[in-house]
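Our numbering applies: residue 37 is where the sequence shown begins, and numbers increase by one. Working notes for the structure below.
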Amino acid sequence: MNDKIRKLLGDQADALLQHKAKFPAEQLHLPGPDFVERVWYHSDRSPQVLRNLQSIFDHGRLAGTGYLSILPVDQGIEHSAGASFAPNPAYFDPEGIVKLAVEGGCNAVASTLGVLGAVSRKYAHRIPFIVKLNHNELLTMPNKYDQIMFGNVDQAWNMGAAAVGATIYFGSEESDRQIMEVSEAFSYAHERGLGTILWCYLRNSGFKTKDADYHTAADLTGQANHLGVTIEADIIKQKAPTINRGYEAMNMGESSYGKIDKRVYSELTTDHPIDMTRYQVMNCYMGRAGLINSGGASSGASDLAEAVTTAVVNKRAGGTGLISGRKAFQRPMKEGVELLNAIQDVYLDKDITVA
(Lines of atoms letter the chains of each structure in order from A and count residues from 1; the text may use other names and numbers.)
(Lines give C-alpha, C1' and ligand atoms only; values in the text may rest on other atoms or scores of the structure.)
Protein backbone atom coordinates (compact mmCIF):
# COMPACT_ATOMS: atom_id res chain seq x y z
CA MET A 1 0.00 0.00 0.00
CA ASN A 2 0.98 3.59 -0.61
CA ASP A 3 2.60 4.66 2.67
CA LYS A 4 1.40 8.22 2.15
CA ILE A 5 -2.22 7.06 2.20
CA ARG A 6 -1.78 5.17 5.45
CA LYS A 7 -0.04 8.17 7.00
CA LEU A 8 -2.86 10.49 5.95
CA LEU A 9 -5.42 8.14 7.50
CA GLY A 10 -3.59 8.51 10.79
CA ASP A 11 -5.18 6.84 13.81
CA GLN A 12 -8.11 5.70 11.67
CA ALA A 13 -5.95 3.60 9.33
CA ASP A 14 -6.59 0.16 10.81
CA ALA A 15 -10.27 0.84 11.51
CA LEU A 16 -10.83 1.84 7.88
CA LEU A 17 -8.48 -0.52 6.06
CA GLN A 18 -9.32 -3.69 8.01
CA HIS A 19 -13.07 -3.24 8.48
CA LYS A 20 -15.34 -6.11 7.45
CA ALA A 21 -18.57 -4.67 6.11
CA LYS A 22 -21.92 -5.63 7.64
CA PHE A 23 -23.64 -6.12 4.27
CA PRO A 24 -21.76 -8.44 1.88
CA ALA A 25 -20.09 -6.93 -1.17
CA GLU A 26 -21.01 -10.01 -3.20
CA GLN A 27 -24.56 -8.68 -3.54
CA LEU A 28 -23.41 -5.39 -5.08
CA HIS A 29 -22.70 -4.38 -8.67
CA LEU A 30 -19.14 -3.22 -8.06
CA PRO A 31 -17.08 -0.79 -10.15
CA GLY A 32 -14.68 -2.28 -12.68
CA PRO A 33 -13.24 -1.74 -16.17
CA ASP A 34 -16.30 -3.42 -17.72
CA PHE A 35 -18.91 -1.60 -15.63
CA VAL A 36 -20.81 0.05 -18.50
CA GLU A 37 -20.87 -3.17 -20.52
CA ARG A 38 -21.64 -5.38 -17.51
CA VAL A 39 -24.33 -3.22 -15.88
CA TRP A 40 -25.70 -0.48 -18.12
CA TYR A 41 -25.73 -2.58 -21.29
CA HIS A 42 -28.84 -4.39 -19.99
CA SER A 43 -30.77 -1.18 -19.29
CA ASP A 44 -32.88 1.09 -21.48
CA ARG A 45 -29.93 3.44 -22.04
CA SER A 46 -29.26 4.01 -25.73
CA PRO A 47 -25.91 3.31 -27.44
CA GLN A 48 -25.27 7.07 -27.43
CA VAL A 49 -25.73 7.24 -23.65
CA LEU A 50 -23.49 4.20 -23.16
CA ARG A 51 -20.83 5.79 -25.35
CA ASN A 52 -20.89 9.03 -23.36
CA LEU A 53 -20.81 7.23 -20.01
CA GLN A 54 -17.90 5.13 -21.26
CA SER A 55 -16.08 8.28 -22.37
CA ILE A 56 -16.24 9.57 -18.80
CA PHE A 57 -14.98 6.27 -17.36
CA ASP A 58 -12.20 6.16 -19.97
CA HIS A 59 -10.70 9.59 -19.25
CA GLY A 60 -8.00 10.83 -16.88
CA ARG A 61 -5.75 8.99 -14.45
CA LEU A 62 -8.54 6.58 -13.48
CA ALA A 63 -9.31 5.60 -17.08
CA GLY A 64 -10.18 1.93 -17.38
CA THR A 65 -10.62 1.33 -13.64
CA GLY A 66 -14.37 1.85 -13.31
CA TYR A 67 -13.77 4.65 -10.80
CA LEU A 68 -14.39 8.37 -11.19
CA SER A 69 -12.66 11.55 -10.07
CA ILE A 70 -14.72 14.59 -11.05
CA LEU A 71 -14.03 18.29 -10.47
CA PRO A 72 -17.29 20.16 -9.73
CA VAL A 73 -17.33 23.97 -9.72
CA ASP A 74 -20.78 25.53 -9.51
CA GLN A 75 -20.09 27.42 -6.30
CA GLY A 76 -19.89 30.71 -8.19
CA ILE A 77 -23.69 30.59 -8.17
CA GLU A 78 -24.36 28.37 -5.19
CA HIS A 79 -22.11 30.23 -2.72
CA SER A 80 -21.36 33.51 -4.60
CA ALA A 81 -18.36 33.99 -6.85
CA GLY A 82 -16.56 36.17 -4.31
CA ALA A 83 -16.87 33.68 -1.48
CA SER A 84 -15.78 30.86 -3.78
CA PHE A 85 -12.94 32.41 -5.80
CA ALA A 86 -11.43 35.05 -3.48
CA PRO A 87 -8.95 32.44 -2.18
CA ASN A 88 -7.73 32.02 -5.78
CA PRO A 89 -9.04 34.70 -8.18
CA ALA A 90 -7.69 32.81 -11.23
CA TYR A 91 -10.83 30.69 -11.10
CA PHE A 92 -13.07 33.64 -11.91
CA ASP A 93 -11.89 32.75 -15.44
CA PRO A 94 -13.69 29.57 -16.61
CA GLU A 95 -10.55 28.35 -18.36
CA GLY A 96 -8.81 28.04 -14.99
CA ILE A 97 -11.50 25.64 -13.81
CA VAL A 98 -11.22 23.39 -16.85
CA LYS A 99 -7.41 23.53 -16.78
CA LEU A 100 -7.44 22.31 -13.19
CA ALA A 101 -9.58 19.32 -14.18
CA VAL A 102 -7.27 18.54 -17.12
CA GLU A 103 -4.04 18.99 -15.18
CA GLY A 104 -5.51 17.11 -12.23
CA GLY A 105 -6.20 14.02 -14.32
CA CYS A 106 -9.96 14.05 -13.69
CA ASN A 107 -12.46 11.92 -15.57
CA ALA A 108 -14.68 14.95 -16.18
CA VAL A 109 -15.37 18.54 -15.18
CA ALA A 110 -18.83 19.55 -13.91
CA SER A 111 -19.78 23.21 -13.97
CA THR A 112 -22.34 25.76 -15.04
CA LEU A 113 -23.66 26.36 -18.53
CA GLY A 114 -21.74 29.66 -18.67
CA VAL A 115 -18.41 28.28 -17.45
CA LEU A 116 -18.31 25.32 -19.82
CA GLY A 117 -19.89 27.20 -22.71
CA ALA A 118 -17.18 29.88 -22.50
CA VAL A 119 -14.43 27.39 -23.37
CA SER A 120 -16.26 24.49 -25.00
CA ARG A 121 -14.66 24.78 -28.44
CA LYS A 122 -11.21 24.62 -26.87
CA TYR A 123 -11.80 21.88 -24.31
CA ALA A 124 -14.93 19.76 -24.96
CA HIS A 125 -12.88 17.27 -26.99
CA ARG A 126 -10.11 17.18 -24.35
CA ILE A 127 -12.13 16.31 -21.25
CA PRO A 128 -15.77 15.21 -20.82
CA PHE A 129 -18.09 18.07 -19.86
CA ILE A 130 -20.94 17.67 -17.36
CA VAL A 131 -23.26 20.66 -17.56
CA LYS A 132 -25.02 21.43 -14.26
CA LEU A 133 -28.51 22.54 -15.29
CA ASN A 134 -29.98 23.94 -12.06
CA HIS A 135 -28.64 25.96 -9.14
CA ASN A 136 -29.62 27.68 -5.90
CA GLU A 137 -29.40 31.44 -6.46
CA LEU A 138 -28.27 33.28 -3.33
CA LEU A 139 -28.61 36.95 -4.33
CA THR A 140 -32.32 37.23 -3.55
CA MET A 141 -33.05 39.10 -0.31
CA PRO A 142 -33.72 37.39 2.00
CA ASN A 143 -31.79 34.35 0.80
CA LYS A 144 -33.95 31.51 -0.44
CA TYR A 145 -33.05 27.88 -1.01
CA ASP A 146 -34.50 26.46 -4.21
CA GLN A 147 -32.91 24.76 -7.22
CA ILE A 148 -34.06 26.47 -10.42
CA MET A 149 -33.12 25.79 -14.03
CA PHE A 150 -30.34 27.95 -15.47
CA GLY A 151 -29.81 25.93 -18.66
CA ASN A 152 -31.30 23.16 -20.75
CA VAL A 153 -30.32 19.86 -22.30
CA ASP A 154 -30.04 21.16 -25.86
CA GLN A 155 -27.52 23.79 -24.78
CA ALA A 156 -25.43 21.06 -23.14
CA TRP A 157 -25.66 18.87 -26.23
CA ASN A 158 -24.70 21.74 -28.52
CA MET A 159 -21.49 22.44 -26.62
CA GLY A 160 -20.44 18.79 -26.87
CA ALA A 161 -21.13 17.74 -23.27
CA ALA A 162 -21.08 14.06 -22.31
CA ALA A 163 -23.61 14.41 -19.49
CA VAL A 164 -25.85 16.77 -17.59
CA GLY A 165 -26.17 17.18 -13.85
CA ALA A 166 -28.82 18.56 -11.53
CA THR A 167 -29.62 18.92 -7.83
CA ILE A 168 -32.80 18.05 -5.98
CA TYR A 169 -33.37 19.24 -2.41
CA PHE A 170 -35.23 16.19 -1.16
CA GLY A 171 -37.37 16.99 1.86
CA SER A 172 -37.81 20.65 0.93
CA GLU A 173 -41.12 22.35 0.15
CA GLU A 174 -39.98 22.73 -3.46
CA SER A 175 -38.91 19.11 -3.94
CA ASP A 176 -42.05 18.01 -5.81
CA ARG A 177 -41.47 20.61 -8.53
CA GLN A 178 -37.74 19.88 -8.65
CA ILE A 179 -38.36 16.14 -9.03
CA MET A 180 -40.70 16.74 -11.96
CA GLU A 181 -38.37 19.25 -13.63
CA VAL A 182 -35.28 17.10 -13.29
CA SER A 183 -37.08 13.89 -14.28
CA GLU A 184 -38.22 15.58 -17.50
CA ALA A 185 -34.75 16.99 -18.17
CA PHE A 186 -33.08 13.62 -17.56
CA SER A 187 -35.53 11.84 -19.85
CA TYR A 188 -34.74 14.29 -22.64
CA ALA A 189 -31.01 14.08 -21.91
CA HIS A 190 -31.16 10.33 -22.46
CA GLU A 191 -33.03 10.91 -25.72
CA ARG A 192 -30.15 13.15 -26.79
CA GLY A 193 -27.58 10.54 -25.76
CA LEU A 194 -26.27 12.29 -22.65
CA GLY A 195 -25.53 10.71 -19.28
CA THR A 196 -27.23 12.01 -16.12
CA ILE A 197 -25.79 12.79 -12.69
CA LEU A 198 -27.98 13.78 -9.74
CA TRP A 199 -26.88 15.68 -6.64
CA CYS A 200 -29.24 14.04 -4.09
CA TYR A 201 -29.21 16.56 -1.26
CA LEU A 202 -31.47 16.79 1.78
CA ARG A 203 -32.79 20.18 2.86
CA ASN A 204 -35.32 20.72 5.61
CA SER A 205 -34.93 22.50 8.94
CA GLY A 206 -36.66 19.54 10.54
CA PHE A 207 -33.70 17.29 9.73
CA LYS A 208 -31.64 19.28 12.22
CA THR A 209 -32.63 18.66 15.83
CA LYS A 210 -31.27 20.10 19.06
CA ASP A 211 -29.11 16.98 19.37
CA ALA A 212 -27.74 16.43 15.85
CA ASP A 213 -27.87 17.33 12.17
CA TYR A 214 -29.39 14.47 10.17
CA HIS A 215 -28.90 16.02 6.72
CA THR A 216 -26.06 13.52 6.28
CA ALA A 217 -27.74 10.54 7.96
CA ALA A 218 -27.10 7.25 6.17
CA ASP A 219 -30.74 6.17 6.17
CA LEU A 220 -32.17 9.50 5.00
CA THR A 221 -29.52 10.12 2.33
CA GLY A 222 -29.89 6.51 1.26
CA GLN A 223 -33.59 7.11 0.57
CA ALA A 224 -32.71 10.29 -1.35
CA ASN A 225 -30.38 8.15 -3.49
CA HIS A 226 -33.20 5.68 -4.08
CA LEU A 227 -35.43 8.50 -5.31
CA GLY A 228 -32.60 9.68 -7.56
CA VAL A 229 -32.16 6.34 -9.33
CA THR A 230 -35.94 6.14 -9.69
CA ILE A 231 -35.84 9.09 -12.12
CA GLU A 232 -32.97 7.34 -13.95
CA ALA A 233 -29.91 9.19 -12.75
CA ASP A 234 -26.95 7.20 -14.11
CA ILE A 235 -24.64 8.40 -11.33
CA ILE A 236 -25.63 9.57 -7.85
CA LYS A 237 -23.71 12.30 -6.03
CA GLN A 238 -24.25 12.30 -2.29
CA LYS A 239 -22.61 13.78 0.78
CA ALA A 240 -20.62 11.30 2.82
CA PRO A 241 -22.71 10.01 5.74
CA THR A 242 -21.66 11.16 9.20
CA ILE A 243 -24.52 9.80 11.30
CA ASN A 244 -27.28 7.18 11.16
CA ARG A 245 -30.81 6.65 12.50
CA GLY A 246 -32.27 9.75 10.93
CA TYR A 247 -35.69 8.12 10.57
CA GLU A 248 -35.67 7.26 14.27
CA ALA A 249 -34.82 10.84 15.19
CA MET A 250 -37.65 12.14 13.01
CA ASN A 251 -40.07 9.86 14.89
CA MET A 252 -39.29 10.92 18.46
CA GLY A 253 -42.07 11.96 20.81
CA GLU A 254 -45.35 12.66 19.04
CA SER A 255 -43.83 13.17 15.60
CA SER A 256 -44.51 10.73 12.77
CA TYR A 257 -42.35 10.70 9.66
CA GLY A 258 -41.99 8.27 6.77
CA LYS A 259 -41.59 4.54 7.23
CA ILE A 260 -38.59 2.52 8.37
CA ASP A 261 -37.75 -1.07 9.37
CA LYS A 262 -35.51 -1.55 12.42
CA ARG A 263 -33.49 -4.13 10.45
CA VAL A 264 -31.93 -1.22 8.55
CA TYR A 265 -29.94 -0.56 11.73
CA SER A 266 -29.51 -4.09 13.02
CA GLU A 267 -28.84 -6.06 9.81
CA LEU A 268 -27.99 -3.64 6.99
CA THR A 269 -25.86 -0.97 8.66
CA THR A 270 -23.73 -0.08 11.65
CA ASP A 271 -22.38 3.30 12.71
CA HIS A 272 -19.07 2.61 10.93
CA PRO A 273 -18.57 5.04 8.01
CA ILE A 274 -17.97 2.20 5.53
CA ASP A 275 -21.23 0.50 6.50
CA MET A 276 -23.15 3.77 6.33
CA THR A 277 -21.72 4.52 2.90
CA ARG A 278 -22.49 0.97 1.77
CA TYR A 279 -26.12 1.60 2.65
CA GLN A 280 -25.99 4.60 0.31
CA VAL A 281 -24.62 2.30 -2.41
CA MET A 282 -27.34 -0.29 -1.75
CA ASN A 283 -29.98 2.36 -2.33
CA CYS A 284 -28.42 3.10 -5.73
CA TYR A 285 -29.96 -0.18 -6.97
CA MET A 286 -27.17 -2.17 -5.31
CA GLY A 287 -24.56 -0.12 -7.15
CA ARG A 288 -26.08 -0.23 -10.63
CA ALA A 289 -25.95 3.57 -10.50
CA GLY A 290 -22.51 4.52 -9.24
CA LEU A 291 -22.25 6.43 -5.96
CA ILE A 292 -19.81 9.31 -5.89
CA ASN A 293 -19.40 11.10 -2.58
CA SER A 294 -18.60 14.78 -2.23
CA GLY A 295 -15.26 15.97 -0.91
CA GLY A 296 -16.86 18.60 1.30
CA ALA A 297 -15.88 22.14 2.17
CA SER A 298 -12.30 23.31 2.35
CA SER A 299 -10.99 23.21 5.91
CA GLY A 300 -7.44 24.31 5.18
CA ALA A 301 -4.50 22.19 6.29
CA SER A 302 -6.64 19.10 6.93
CA ASP A 303 -8.11 19.00 3.39
CA LEU A 304 -5.73 16.38 2.02
CA ALA A 305 -6.26 13.94 4.89
CA GLU A 306 -10.04 14.46 4.80
CA ALA A 307 -10.21 13.90 1.04
CA VAL A 308 -8.12 10.72 1.16
CA THR A 309 -10.15 9.38 4.09
CA THR A 310 -13.42 9.98 2.23
CA ALA A 311 -12.00 8.25 -0.85
CA VAL A 312 -10.94 5.19 1.17
CA VAL A 313 -14.38 4.93 2.75
CA ASN A 314 -16.14 5.33 -0.59
CA LYS A 315 -13.97 2.75 -2.34
CA ARG A 316 -14.18 0.16 0.44
CA ALA A 317 -17.96 0.67 0.64
CA GLY A 318 -18.36 -0.17 -3.06
CA GLY A 319 -18.69 3.41 -4.27
CA THR A 320 -17.59 4.69 -7.66
CA GLY A 321 -15.47 7.69 -6.73
CA LEU A 322 -15.22 11.20 -5.42
CA ILE A 323 -16.38 14.59 -6.67
CA SER A 324 -14.17 17.19 -5.00
CA GLY A 325 -14.33 20.91 -5.72
CA ARG A 326 -13.57 23.46 -3.02
CA LYS A 327 -10.75 21.44 -1.53
CA ALA A 328 -9.06 21.57 -4.96
CA PHE A 329 -9.86 24.98 -6.46
CA GLN A 330 -9.59 27.08 -3.30
CA ARG A 331 -5.80 26.73 -3.35
CA PRO A 332 -2.99 27.27 -5.90
CA MET A 333 -3.35 25.07 -8.98
CA LYS A 334 -0.27 22.98 -8.20
CA GLU A 335 -1.65 22.12 -4.77
CA GLY A 336 -5.11 21.49 -6.25
CA VAL A 337 -3.62 19.04 -8.73
CA GLU A 338 -1.74 17.27 -5.93
CA LEU A 339 -4.95 16.90 -3.91
CA LEU A 340 -6.88 15.49 -6.87
CA ASN A 341 -4.04 13.08 -7.60
CA ALA A 342 -3.98 11.93 -3.97
CA ILE A 343 -7.68 11.06 -4.20
CA GLN A 344 -7.08 9.19 -7.44
CA ASP A 345 -4.17 7.28 -5.88
CA VAL A 346 -6.63 5.67 -3.47
CA TYR A 347 -8.62 4.22 -6.36
CA LEU A 348 -5.45 3.16 -8.17
CA ASP A 349 -4.07 1.35 -5.10
CA LYS A 350 -4.87 -2.34 -5.55
CA ASP A 351 -4.23 -3.02 -1.85
CA ILE A 352 -7.24 -0.94 -0.90
CA THR A 353 -10.07 -3.35 -1.62
CA VAL A 354 -13.85 -3.41 -1.26
CA ALA A 355 -14.75 -4.36 2.33
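We treat Cβ as the ideally placed atom computed from N, Cα and C, and that holds for glycine. It should be emphasised that the depicted structure is a prediction, and the values quoted were computed from it without experimental measurement.
Residues bridged to residue i (per DSSP)
| i | result |
| --- | --- |
| Lys168 | Thr148 and Gly201 |
| Ala253 | Ile279 |
| Leu358 | Ser105 and Asn329 |
| Lys33 | Nothing about residue 33 can be read from this structure; the chain reaches only from 37 to 391. |
| Phe206 | Leu238 |
Reference residue i; option with closest CA among the options
| i | options | result |
| --- | --- | --- |
| Val382 | Val348, Val373, Met369 and Gln366 | Val348 |
| Asp307 | Arg42, Asp255 and Ser156 | Asp255 |
| Ile272 | Ala325, Gly231 and Ala285 | Ala325 |
| Arg352 | Thr148, Met288, Leu64 and Ser302 | Leu64 |
| Val265 | Ala49, Thr232, Ile279 and Ala285 | Thr232 |
| Asp297 | Gln259, Thr313, Ala333 and Leu327 | Gln259 |
| Leu174 | Asn143, Gly201, Gly118 and Ala337 | Gly118 |
| Cys236 | Val218, Asn179 and Gly229 | Val218 |
| Val145 | Phe93, Ala122 and Glu371 | Phe93 |
| Gly229 | Glu290, Ala197 and Gln214 | Ala197 |
| Ile359 | Thr305, Tyr315 and Gly201 | Gly201 |
| Val373 | Asn350, Tyr321, Val300 and Ile133 | Ile133 |
| Asn261 | Gly153, Gln48, Pro309 and Ile328 | Ile328 |
| Ala57 | Asp339, Glu303 and Cys320 | Glu303 |
| Gly26 | Asn143, Phe121, Phe128 and Glu62 | In this structure the chain extends from 37 to 391, so residue 26 is not present and cannot be described. |
| Ser120 | Ala253, Asp339, Ala333 and Ala343 | Ala333 |
N- and C-terminal bounds of the beta strand (DSSP E) containing residue i
| i | result |
| --- | --- |
| Gln274 | Ile271 to Gln274 |
| Thr232 | Gly231 to Leu238 |
| Ile12 | Shown here, the chain extends from 37 to 391; a query on residue 12 therefore has no answer. |
Beta-carbon gap between residue i and residue j smaller than 8 Å
| i | j | result |
| --- | --- | --- |
| Gly361 | Leu107 | yes |
| Ser105 | Gln380 | yes |
| Leu86 | Val72 | yes |
| Gly282 | Val317 | no |
| Ala341 | Gly140 | no |
| Pro159 | Tyr181 | For the sequence presented, residue 159 should be read as Tyr rather than Pro. No, Cβ-Cβ distance for Tyr159 and Tyr181 is not below 8 Å. |
| Val31 | Glu131 | The chain is shown only over 37 to 391; residue 31 falls outside these bounds and no answer can be derived. |
| His226 | Leu238 | no |
| Asp270 | Met37 | no |
| Pro69 | Gly46 | no |
| Leu66 | Gly242 | no |
| Leu18 | Ala221 | Nothing can be reported for residue 18: it is not among the residues displayed for the chain, which extend from 37 to 391. |
| Thr346 | Gly357 | no |
| Ser91 | Pro164 | yes |
| Asn172 | Glu114 | yes |
| Ala285 | Thr245 | yes |
| Asn287 | Tyr301 | no |
Residue i - containing alpha helix (DSSP H), residue span
| i | result |
| --- | --- |
| Ser219 | Ser211 to Glu227 |
| Val300 | Element bounds for Val300: n/a, residue is neither H nor E. |
| Gly132 | Pro130 to Glu139 |
| Gly118 | Ala117 to Phe121 |
| Met185 | Per DSSP, Met185 belongs to no alpha helix (DSSP H); it is in the beta strand (DSSP E), Gln183 to Met185. |
| Ile310 | Pro309 to Met318 |
| Asn377 | Met369 to Leu384 |
| Ser156 | Ser156 to Tyr159 |
| Asp47 | Here Asp47 belongs to no alpha helix (DSSP H), and DSSP marks it neither H nor E. |
Assigned exposure category for residue i - 16 Cβ within 10 Å defines buried
| i | result |
| --- | --- |
| Gln54 | exposed |
| Asp247 | exposed |
| Met195 | buried |
| Asp311 | buried |
| Gly187 | buried |
| Pro277 | buried |
| His95 | buried |
| Thr389 | exposed |
| Asn179 | exposed |
| Phe368 | Rather than Phe, the amino acid found at residue 368 in this sequence is Pro. With fewer than 16 other Cβ atoms within 10 Å, it is exposed. |
| Thr257 | buried |
| Asp190 | exposed |
| Gly336 | exposed |
| Ser82 | exposed |
| Ala378 | buried |
| Ser338 | exposed |
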